[in-house]
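Right, one structure below, let's go through it.
2 protein chains.
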Amino acid sequence: METWAGLRPLLHGRGGRVTPQRMAIYEAVVGQTTHPSVETVYAAVRARFPSVSRATVYTTLGLFADLGLIQEVGGRVRRYDGRAGRHVNLVCERCGGVTDVADPRLEALERRTALRAGFDVRSARFELHGICPRCRALGRGAGRRAVRRTEAARDA
Amino acid sequence: METWAGLRPLLHGRGGRVTPQRMAIYEAVVGQTTHPSVETVYAAVRARFPSVSRATVYTTLGLFADLGLIQEVGGRVRRYDGRAGRHVNLVCERCGGVTDVADPRLEALERRTALRAGFDVRSARFELHGICPRCRALGRGAGRRAVRRTEAARDA
DNA sequence: AGATTGTCAGTAATGATTCTCAATAAGAAT
DNA sequence: ATTCTTATTGAGAATCATTACTGACAATCT
Numbered sequence: 010m011e012t013w014a015g016l017r018p019l020l021h022g023r024g025g026r027v028t029p030q031r032m033a034i035y036e037a038v039v040g041q042t043t044h045p046s047v048e049t050v051y052a053a054v055r056a057r058f059p060s061v062s063r064a065t066v067y068t069t070l071g072l073f074a075d076l077g078l079i080q081e082v083g084g085r086v087r088r089y090d091g092r093a094g095r096h097v098n099l100v101c102e103r104c105g106g107v108t109d110v111a112d113p114r115l116e117a118l119e120r121r122t123a124l125r126a127g128f129d130v131r132s133a134r135f136e137l138h139g140i141c142p143r144c145r146a147l148g149r150g151a152g153r154r155a156v157r158r159t160e161a162a163r164d165a
Numbered sequence: 010m011e012t013w014a015g016l017r018p019l020l021h022g023r024g025g026r027v028t029p030q031r032m033a034i035y036e037a038v039v040g041q042t043t044h045p046s047v048e049t050v051y052a053a054v055r056a057r058f059p060s061v062s063r064a065t066v067y068t069t070l071g072l073f074a075d076l077g078l079i080q081e082v083g084g085r086v087r088r089y090d091g092r093a094g095r096h097v098n099l100v101c102e103r104c105g106g107v108t109d110v111a112d113p114r115l116e117a118l119e120r121r122t123a124l125r126a127g128f129d130v131r132s133a134r135f136e137l138h139g140i141c142p143r144c145r146a147l148g149r150g151a152g153r154r155a156v157r158r159t160e161a162a163r164d165a
């Protein structure tokens, strides 16, 4: 598979190198419909390269985000979004789940805002944080700090 | 000054209490045009109440956010936004500065998106990351990892 | 006043993220 | 193909923001 073929020129243009680890990380995020945490990506890459370290995953994901290949998604735990196109991420504060909602109007909003301020946009983050329908249905458990631990190990 | 007068009914309605510490925290965030980190608020409150602990500041800010009085702003370090109304935050990757750009259409976008997904919104993050006009004029410096450490101590 | 319940300070604990640095390997040049 | 330069890797320790916990204290109600 050549899904990462486009990586080469991008990295070379920056004096960067194409390594097997980076290809594995790339494939673990780009095109995924989930929003993997660093921990999840780490586990996936580990299946092929048992010796990779977390630091490598962290820095590589950061690099890809700089290149605009993926988007960081905030929350208690950092996640990555490998989908193309602007969209809103709904982040559940209780379960940590993330849902995408595309909206064509976002592009226009972005252009308009950036232009007005003379700002050179590299990446965008549109997020709504709150409670997802499923968690709301489960009743109002403890307040905001209900489900917390080991969130990094799950996907969203 | 009575800026926090509205606090009383809000807190009482929840079985909460109005304390001097909470008033101080309130005044350190609401109406500010900056986006203070928890650390900044902590320092400000400490000037008046040298004995407050970080835990108090954390939980109180969380409480205010739940009440909708302020908005959490995610990132490497948690910040709070005391301004009313949705707006886009332009975050400069080089100098770390944050600029607000209000846009009335955001509210509608938010409502529409949340409704479609049955999502209960608690806070929103509309951010454009890139290079601000001032930094662009200064020419191209280092990459994303330029300004980083002790971010919690600075404002934005 | 006494009872009840919410809040505080202080501090330990937690856990995600980043750093350090020697060893390795990618890409360019020969 | 071999060598050279330098980005990248890995392993673990270190950092730092955020939470949890606990005993003391204070506000409100009866």
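Protein chains in written order, with my numbering: chain B, 10 to 165; chain H, 10 to 165.
Beta carbons: idealized from backbone N, C-alpha and C, even for Gly.
Query                                                                                                                                                                       : Result
Does the separation of the CB atoms of E136 of chain H and R134 of chain B fall below 7 angstroms?                                                                          : yes
Go through its chain and collect everything with a Cβ distance to R63 of chain B's Cβ below 6 angstroms, but skip five positions before and after it.                       : Y51
So, is the C-beta of V86 of chain H closer than 7 angstroms to a C-beta in chain B?                                                                                         : no
Roughly how many angstroms lie between the CA atoms of A53 of chain H and R17 of chain H, to the nearest whole one?                                                         : 22 angstroms
List the whole-angstrom C-beta distance separating C141 of chain B from L99 of chain B, where the pair is believed to meet the contact cut-off of C-beta under 8 angstroms. : 7 angstroms
Just checking, does the segment 105-115 of chain B make contact with the segment 85-101 of chain H on the three C-beta pairs under 8 angstroms criterion?                   : no
What is the residue span of the beta strand (DSSP E) that L99 of chain B lies within?                                                                                       : H96 to C101
Is the separation between the beta-carbon of V47 of chain H and that of V66 of chain H shorter than 7 angstroms?                                                            : yes
Excluding sequence positions up to five away, which residues of its chain have a Cβ less than 6 angstroms from the Cβ of A161 of chain B?                                   : S46, E48 and V86
Spell out whether any CB of chain H is found under 7 angstroms from the CB atom of D164 of chain B.                                                                         : no
Taking Cβ positions only, does A161 of chain H come closer than 7 angstroms to chain B?                                                                                     : no
Taking the alpha carbon of L76 of chain B as the reference point, which residue from H:L147, H:T122 and H:H138 has its own alpha carbon closest?                            : H:H138
When we look at the beta-carbon of G40 of chain H and count the other beta-carbons within 10 Å, is it buried (16 or more) or exposed?                                       : exposed
Looking at chain B, is there any beta carbon in it that lies within less than 7 angstroms of the beta carbon of S46 of chain H?                                             : no
Along chain B, in chain order, which residues have C-beta atoms closer than 9 angstroms to that of P29 of chain H?                                                          : Near P29 of chain H there are no residues of chain B at all, since even the closest Cβ is about 24 angstroms away, more than 9 angstroms.
Quick check on the DSSP output: the alpha helix (DSSP H) that includes A126 of chain B runs from which residue to which?                                                    : R114 to A126
Taking L137 of chain B as the query, report the chain H residues whose CB atoms sit under 7 angstroms from its CB, ordered along the chain.                                 : E119, T122, A123, F128, V130 and A133
Mind checking if L19 of chain B is an interface residue toward chain H, Cβ cutoff 7 angstroms exclusive?                                                                    : no
Could you tell me which residues DSSP puts in a beta bridge with L20 of chain B?                                                                                            : DSSP lists no partner for L20 of chain B.
Could you pull the start and end residues of the beta strand (DSSP E) that I140 of chain H belongs to?                                                                      : D129 to I140
Go through its chain and collect everything with a Cβ distance to E81 of chain H's Cβ below 7 angstroms, but skip five positions before and after it.                       : A74, R87, Y89 and S132
What residue from H:C101, H:T42 and H:I34 has the CA that sits closest to L70 of chain H's CA?                                                                              : H:I34
Return no unless some Cβ of chain B is closer than 7 angstroms to the Cβ of C104 of chain H.                                                                                : no
Can you tell me whether G105 of chain B is buried or exposed, with buried defined as 16 or more other CB within 10 angstroms of its CB?                                     : buried
So, using beta-carbon positions, are V27 of chain H and I79 of chain H closer together than 7 angstroms?                                                                    : no
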